[in-house]
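Engineer:
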Amino acid sequence: MSSLPVFSRRQFLRTSAVAIASAGLAGCTSSMNTDRFRQETMPVYRNPALENRWVDPAMLEEPLTGLPPQDAYYADIYAQREDGGFLIPAVPYHQIDPRFYRQEVSDPFGEAPGTIVVDTADRYLYLIGSGGSATRYGVGLGREGFAWSGRGVIQWKQKWPKWTPPDSMIVRQPVLAKYSADNGGMPPGLDNPLGSRALYIFQNGQDTLYRVHGTPEWQSIGKAVSSGCVRMINQDVIDLYDRVRGKAPILVV
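Under our numbering, the residue at position 19 of the sequence shown is numbered 20, and the numbers go up by one with no gaps.
1) Taking the runs of the beta strand (DSSP E) that are 3 residues or longer, which of them lie wholly in the segment 145-194?
2) Should Q96 go down as buried or exposed, given a rule of 16 or more other Cβ atoms within 10 Å for buried?
3) Could you name each continuous beta strand (DSSP E) segment of 3 residues or more that falls completely within the segment 73-104, going from the start of the chain to the end?
4) Beta carbon of L142, beta carbon of T121: below 7 Å?
5) Between the segment 192-211 and the segment 231-238, do at least 3 Cβ pairs fall closer than 8 Å?
6) Which residues in the same chain have their Cβ closer than 6 Å to the Cβ of V226, if we skip the five residues on either side of it in sequence?
7) Quick one: what's L241 bridged to in DSSP?
8) Pull up the CB-CB distance for G153 and F203, whole angstroms please, since I reckon it's below 8 Å.
9) By the DSSP assignment, the beta strand (DSSP E) with F203 in it spans what residues?
10) In the structure shown, what three-state DSSP assignment does S134 receive?
11) Who pairs with R246 in a beta bridge, going by DSSP?
12) If you draw a straight line from the C-alpha of R100 to the C-alpha of W164, how long is it?
13) Out of curiosity, what's the CA-to-CA distance linking G133 and G85?
14) For S107, which residues from the same chain have a beta carbon less than 8 Å from its beta carbon, with the 5 sequence-adjacent residues on both sides left out?
15) To which residues of the same chain is I78 closer than 7 Å at the C-beta, ignoring the five residues directly before and after it?
16) When the Cα atoms are used, what is the spatial distance from L177 to S131?
17) Beta carbon of R124, beta carbon of G223: below 7 Å?
18) If you draw a straight line from the C-alpha of W219 to the C-alpha of A91, how long is it?
19) Return the Cβ separation of L128 and V231 in integer angstroms, given the expectation that the two are a contact with Cβ distance under 8 Å.
20) Less than 7 Å separating the beta-carbons of V118 and E112?
21) Exposed or buried, what is W157 when buried is set at 16 or more other beta-carbons lying within 10 Å of its beta-carbon?
22) Rounded to the nearest angstrom, what separates A155 and T209 at their Cα positions?
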C-alpha cells in the first residue's frame with residue numbers, strides 16, 4: 002500500500018497561501034461591479050478643448066485614470082435641470098453626433114469677440130471669444146433658418162417665450178389656430194417649439210423674423226427640419242443666452 006505524501010511545514014504554508022489567494026480572487030471577480038471597475042480604471046487622455054487651456058502636444062499621450070472627462074463633462078452640462086419653474090429633461094447626448102456637442106474651438110471666422118456666427122452649411126453656431134477662441138454649438142435648421150443671411154443684431158432676448166405660429170403654418174396645420182396671434186399664442190413650456198430661450202434678430206432696426214431658439218426636439222440637432230429658424234438644445238441655448246451681452250452682432254452665412 003502506497004503511503005500518503007508528507008508535507009513540510011514550509012510546503013503546507015505555501016500551498017495554503019496560494020489556495021487562500023485563489024479564493025480571494027474568485028470572490029472579487031464574482032461579486033464586483035465590472036462596469037464600474039472598467040470606468041474607474043480605464044485610461045483617459047487629455048482634451049485641451051474641455052480643459053480650456055493650452056496643453057503641450059506631448060502631454061496628449063499622457064494617460065490619466067478615472068472617469069473619462071468628456072463623459073463627465075457632457076453628462077453634467079446636458080443633465081436634467083430646473084429653470085424658470087420648468088424641469089428640463091436630460092439630453093441623451095450619446096444619441097447625438099459628438100461634433101454637435103457644445104465645445105471650445107478655434108475661431109474660424111475672425112469676427113470680434115461677442116459676435117454670434119451661424120454656419121448654416123455645417124449646422125454650427127459660434128459665439129466668438131477672445132484670443133482666437135470660440136464656443137461652438139450644434140444647431141438644427143428649419144426652412145426659415147435658410148431664408149435669411151447677412152448681418153444683424155440680437156435686438157432682444159426672452160426667457161421661456163410664447164410662440165405664435167405664422168399664418169402660413171396655420172393654413173397648413175389648422176390645429177394650430179388655437180395658438181394664433183388673436184388667441185395670444187402658445188404659452189411657455191416644455192412643449193413650446195421655441196424652448197427655454199429665444200434671441201430675436203433685427204437688421205437696420207427691422208425684425209428679420211429670424212430667431213435663435215431652444216427646442217424640445219434634441220434629435221433635430223445637426224439636421225435640416227421642416228420648420229423653425231435656428232434650433233438649439235435647451236441646455237445649450239440657456240448657456241448662449243447667459244453669455245450674450247447687449248445688442249450682440251450676429252452673422253448668418
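Built from N, CA and C at the ideal position, the CB exists for glycine as well.
Structural biologist: Let me lay it out:
1) 151-160
2) The residue you call residue 96 lines up with position 95 of the sequence shown. So Q96 ends up on the exposed side.
3) 82-84 and 87-89
4) To locate residue 142, count along the sequence shown from 1; it is residue 141. To locate residue 121, count along the sequence shown from 1; it is residue 120. Going by C-beta atoms, L142 is nearer than 7 Å to T121.
5) yes
6) Here residue 226 is taken as the residue at index 225 of the sequence shown, counted from 1. If we look at V226 and ignore the five residues flanking it on each side, its Cβ neighbours are G141 and G143.
7) In the sequence shown, counting from the first residue as 1, residue 241 sits at position 240. Looking at the DSSP assignment, L241 forms no beta bridge with any residue, so it has no partner.
8) Against the sequence shown, residue 153 aligns to sequence position 152. Against the sequence shown, residue 203 aligns to sequence position 202. Confirmed, about 6 Å.
9) Sequence index remark: in the sequence shown, residue 203 carries index 202 (1-based). Per DSSP, F203 belongs to the beta strand (DSSP E) from R198 to Q204.
10) Within the sequence shown, numbered from 1, the residue matching residue 134 stands at position 133. Strand.
11) Position 245 of the sequence shown holds residue 246. None, per the DSSP bridge assignment.
12) Counting from 1 along the sequence shown, the entry for residue 100 is found at position 99. Counting from 1 along the sequence shown, the entry for residue 164 is found at position 163. Their Cα atoms are separated by approximately 29 Å.
13) Locating residue 133 in the sequence shown gives position 132, where the first residue counts as 1. Locating residue 85 in the sequence shown gives position 84, where the first residue counts as 1. Roughly 34 Å separates the two Cα atoms.
14) Within the sequence shown, numbered from 1, the residue matching residue 107 stands at position 106. Correct list, in chain order: G133, S134 and A135.
15) The residue labelled residue 78 in the question sits at position 77 within the sequence shown. Result list for I78: R103 and Q236, in chain order.
16) Translated into positions along the sequence shown, residue 177 becomes position 176. Translated into positions along the sequence shown, residue 131 becomes position 130. Going from the Cα of L177 to the Cα of S131 covers about 43 Å.
17) Walking along the sequence shown from the start, residue 124 turns up at place 123. Walking along the sequence shown from the start, residue 223 turns up at place 222. The answer is yes: Cβ separation under 7 Å.
18) Position 218 of the sequence shown, counted from the start, is the residue given in the question as residue 219. Position 90 of the sequence shown, counted from the start, is the residue given in the question as residue 91. Going by the C-alpha atoms only, they are around 10 Å apart.
19) The residue you call residue 128 lines up with position 127 of the sequence shown. The residue you call residue 231 lines up with position 230 of the sequence shown. That belief does not hold up - the Cβ atoms of L128 and V231 are roughly 13 Å apart, past 8 Å.
20) On the sequence shown, position 117 is the one that residue 118 refers to. On the sequence shown, position 111 is the one that residue 112 refers to. Cβ distance < 7 Å, so V118 and E112 count as in contact.
21) For the purposes of this step, residue 157 is taken as the residue at position 156 of the sequence shown. Result: exposed.
22) What you label residue 155 is simply residue 154 of the sequence shown in a count that begins at 1. What you label residue 209 is simply residue 208 of the sequence shown in a count that begins at 1. For clarity, residue 155 is Ile in the given sequence; the question names Ala instead. Approximately 11 Å between the Cα atoms of the pair.
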